[in-house]
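Visitor: Pasting a structure here, questions to come.
There are 2 protein chains.
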Amino acid sequence: MAIIAPELSQMTQHRRLVAVEPEVPGVDPTGTRGKILRAALNLFAERGYGGASVRDICTRADIQLTTLYAHFPSKEHVLAELVRIGHDEHQRALREAMLQAQPDPAQQVAALMRAHVASHCQYPVLAVVANAELHALSAAAAAPAMELRRRSEMLVAEVILRGVRVGTFQVLDPLLALTAIGGMGLRVAHWYTPDCGKTVKEIADAYAEYALRLLGAQQ
Amino acid sequence: MAIIAPELSQMTQHRRLVAVEPEVPGVDPTGTRGKILRAALNLFAERGYGGASVRDICTRADIQLTTLYAHFPSKEHVLAELVRIGHDEHQRALREAMLQAQPDPAQQVAALMRAHVASHCQYPVLAVVANAELHALSAAAAAPAMELRRRSEMLVAEVILRGVRVGTFQVLDPLLALTAIGGMGLRVAHWYTPDCGKTVKEIADAYAEYALRLLGAQQ
DNA sequence: AAAACAAACTAACGATCGTTTTGACTTTGC
DNA sequence: GCAAAGTCAAAACGATCGTTAGTTTGTTTT
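Protein chains in written order, with the working numbering: chain A, 1 to 219; chain B, 220 to 438.
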């Protein structure tokens, strides 16, 4: 019991996620816009959207209050941009994985799962905020991200359904299996750190194996 | 593509969780304390801790501002109580499952997974708030819940490790498998509703099967 | 050198935040 | 029948909220 405690603690004992640099893909971190997005991402992850004030964001970004409003029309737009970037990056990773995968459902599921996990390992803070703070956006502001999410789900669903149809997968309820596969990958962002003792490849490969086992893939 | 869209949408297209009655186990919902906890649970789920004001909670609970402070010393204590109840209920469900399970690691994992899923289906709003709003508590206020979480993880970890030791499970990294199993169950709270077309038993049984497959259990 | 422009500054707006005070009214248990 | 506890009502506390107006600074264009 005492043997497993330290490793378990490091991986799962934290209130939201472990301290990681809040990187935002496709944004220059030295520019004012990048500084705002990074500071906001950090604070939204730490305190939630409602718990982080615009002044807090500007203090951490080392800019003045009005400078933020020169780049974003409102606080909500800052979160909306982060959510959009997060879902964009995730969708891009999935599509790229599909393009490079062999046309075998098992290999496609493995490639999708590896991309899913790797994306959550590379941008864990962004993934957590994009998922956990989505509710703070109005329906209109959240719509683009919701649409991206829908497309991502359909992408994976189609692969799974095809695998079931051609006999590669043996699973009673394919869509229920999809929820399980999606859920397990999402959670990685909450405990992964670069120094967690495992490489991204190790985690991604393991999770890909889990997904195939879960689907009852023939070995 | 169009065939799977409606079912997928109902299960996964929402910003946080679907509309469900915010039930709180072990609390009289007609009493003032119960009304406060239910109203707070509902609003924390909808808007987050920082986005729900004490006045909002009192309005929804149909009480005066002063009455809330007669029952709780602060807003943080209301969340802390919800978080504690949520983790308590979850831990209780896991322990009860272990007590009734046969001493076979595979049957124990299946029982734990069924309890894990059933708990998240019975109190989805509570589960979401207890997990997603934990970061809003101070370290001291979150400590009891963190301790409960640690014990729950160790409970499952021990069963998995014993199963690997005796050859019931075939998995390279048992603790990594634990994160996957835990994560997939957590996510159920975000999409389950009583009228989602599946019974709790169906979902719990399916997820238990997924967990055993993931662990490479011998059939 | 002058004009034009965007970015960052100081200061403040009204609204709302969590919490407290004071006091009267109603219900409950001994 | 009466103290105790619970609830309502209204107001207010200082602090902080998201946002804006107006001014200064620095750079580019003419």
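Note that the Cβ used here is the ideal one computed from N, Cα and C, for glycine as well.
So the candidates are Glu352(B), Glu308(B), Val385(B); which of them puts its Cα closest to the Cα of Asn261(B)?
Guide: Taking only the C-alpha atoms, the option nearest Asn261(B) is Glu352(B).
Visitor: Could you spell out the range, first to last residue, of the alpha helix (DSSP H) harbouring His339(B)?
Guide: Element bounds for His339(B): 324 to 341.
Visitor: Taking just the CA atoms, how far does Phe263(B) sit from Pro348(B)?
Guide: Before going further, note that residue 348(B) is Val rather than Pro in the sequence given. Their Cα atoms are separated by approximately 7 angstroms.
Visitor: Among Gln341(B), Ser371(B), Ala396(B), which one has its Cα closest to the Cα of Ala204(A)?
Guide: Of Gln341(B), Ser371(B), Ala396(B), the residue nearest in Cα terms is Ala396(B).
Visitor: Can the beta-carbon of Pro105(A) be found less than 7 angstroms from the beta-carbon of Arg150(A)?
Guide: In this structure, Arg150(A) does not lie closer than 7 angstroms to Pro105(A) by Cβ.
Visitor: Note down, in chain order, every chain A residue with its Cβ under 7 angstroms from the Cβ of Ala399(B).
Guide: Here the neighbours are Met184, Tyr207, Tyr210.
Visitor: Can you name the start and end residues of the alpha helix (DSSP H) that Tyr236(A) belongs to?
Guide: Summary: the structure shown does not reach residue 236(A), with chain A confined to residues 1 through 219, and so no result is reported for it.
Visitor: Run the CB neighbour count on Pro6(A), radius 10 Å, all protein chains shown included, and call it buried at 16 or more, exposed below.
Guide: Confidence at Pro6(A) is low in this model, with a pLDDT of 46, below 50, so the placement of that residue is unreliable and no value is reported for it.
Visitor: Between which two residues does the alpha helix (DSSP H) harbouring Glu147(A) extend?
Guide: Segment 139 to 165, the alpha helix (DSSP H) holding Glu147(A).
Visitor: Using a Cβ-Cβ cutoff of 7 angstroms, what residues of the segment 72 to 86 of chain A are near chain B? List them in chain order.
Guide: Hits within the stretch: zero.
Visitor: Let me confirm a value: Val407(B) is counted as buried when at least 16 other C-beta atoms fall within 10 Å, else exposed. Which label applies?
Guide: It counts as buried.
Visitor: Closer than 8 angstroms, Cβ to Cβ, to anything on chain A: give me those residues from the segment 378 to 393 of chain B, in chain order.
Guide: Residues passing the 8 angstroms Cβ filter: Leu380, Leu391, Asp392.
Visitor: To the nearest angstrom, how far is it from the Cα of Pro241(B) to the Cα of Val344(B)?
Guide: One C-alpha to the other measures close to 6 angstroms.
Visitor: Let me check understanding here. Comparing Cα to Cα, which of Cys58(A), Gly185(A), Gly167(A) lies closest to Gln218(A)?
Guide: Selected option, being the one with the closest Cα: Gly167(A).
Visitor: May I have the straight-line CA-CA distance separating Ser338(B) from Ala259(B), to the nearest angstrom?
Guide: If you take the alpha carbons of Ser338(B) and Ala259(B), they lie about 20 angstroms apart.
Visitor: Under the rule that 16 or more other beta-carbon atoms within 10 Å means buried, what is Ser152(A), buried or exposed?
Guide: Buried: at least 16 other Cβ atoms inside 10 Å.
Visitor: Should Glu265(B) be labelled buried (16 or more other beta-carbon atoms within 10 Å of its own) or exposed?
Guide: Counting Cβ neighbours within 10 Å, Glu265(B) comes out buried, since at least 16 surround it.
Visitor: So, Leu174(B) versus Leu214(A), is the Cβ gap smaller than 7 angstroms?
Guide: Residue 174(B) lies beyond the residue range present for chain B, which begins at 220 and ends at 438; the question has no answer from this structure.
Visitor: Helix or strand or just coil, what does DSSP make of Thr168(A)?
Guide: Reduced to three states, the DSSP call for Thr168(A) is coil.
Visitor: Tell whether a beta-carbon distance below 7 angstroms holds between His306(B) and Ala364(B).
Guide: Closer than 7 angstroms, so yes.
Visitor: Would you kindly check if the distance between the Cβ of Leu212(A) and the Cβ of Val156(A) is under 7 angstroms?
Guide: Cβ atoms of Val156(A) and Leu212(A): not closer than 7 angstroms.
Visitor: DSSP three-state call for Phe44(A): helix, strand or coil?
Guide: In the structure shown, Phe44(A) sits in a helix (DSSP, three-state: H, G or I).
Visitor: In chain order, what residues of the segment 55 to 68 of chain A put their CB closer than 7 angstroms to some CB of chain B?
Guide: The segment 55 to 68 of chain A vs chain B, Cβ under 7 angstroms: nothing.
Visitor: CB Ala115(A) to CB Ala97(A), shorter than 7 angstroms?
Guide: Cβ atoms of Ala115(A) and Ala97(A): closer than 7 angstroms.
Visitor: Ends of the alpha helix (DSSP H) at Cys58(A)?
Guide: Element bounds for Cys58(A): 54 to 61.
Visitor: Can you tell me which of the three DSSP states Gly183(A) falls into?
Guide: The answer is helix: DSSP assigns Gly183(A) an H, G or I state.
Visitor: Under the rule that 16 or more other beta-carbon atoms within 10 Å means buried, what is Gly267(B), buried or exposed?
Guide: When all chains shown are included, Gly267(B) counts as buried.
Visitor: Does the distance from the C-beta atom of Asp173(A) to that of Ala425(B) stay below 7 angstroms?
Guide: Contact: yes.
Visitor: In the structure shown, what three-state DSSP assignment does Asp28(A) receive?
Guide: Coil.
Visitor: For a test of the three-state rule: what should DSSP assign to Ala221(B), helix, strand or coil?
Guide: The predicted position of Ala221(B) is uncertain, since its pLDDT is 37 and thus under 50; a value taken from the coordinates is nonetheless stated next. Ala221(B): coil per DSSP, three-state reduction.
Visitor: According to the neighbour-count rule (16 or more other Cβ atoms, all chains shown, within 10 Å of its Cβ), is Arg55(A) buried or exposed?
Guide: The residue is exposed, with fewer than 16 neighbouring Cβ atoms inside 10 Å.
Visitor: Along chain B, which residues have their Cβ under 7 angstroms away from the Cβ of Glu23(A)?
Guide: Under the 7 angstroms cutoff, chain B gives no residues; its nearest Cβ is about 20 angstroms from Glu23(A).
Visitor: Is Thr67(A) helix, strand or coil when you go by DSSP?
Guide: Thr67(A): helix per DSSP, three-state reduction.
Visitor: To the nearest angstrom, how far is it from the Cα of Ile85(A) to the Cα of Val27(A)?
Guide: So the alpha carbons of these two residues sit roughly 9 angstroms apart.
Visitor: Could one say the Cβ of His120(A) lies closer than 7 angstroms to chain B's Cβ atoms, at least one of them?
Guide: So no, His120(A) is outside the interface.
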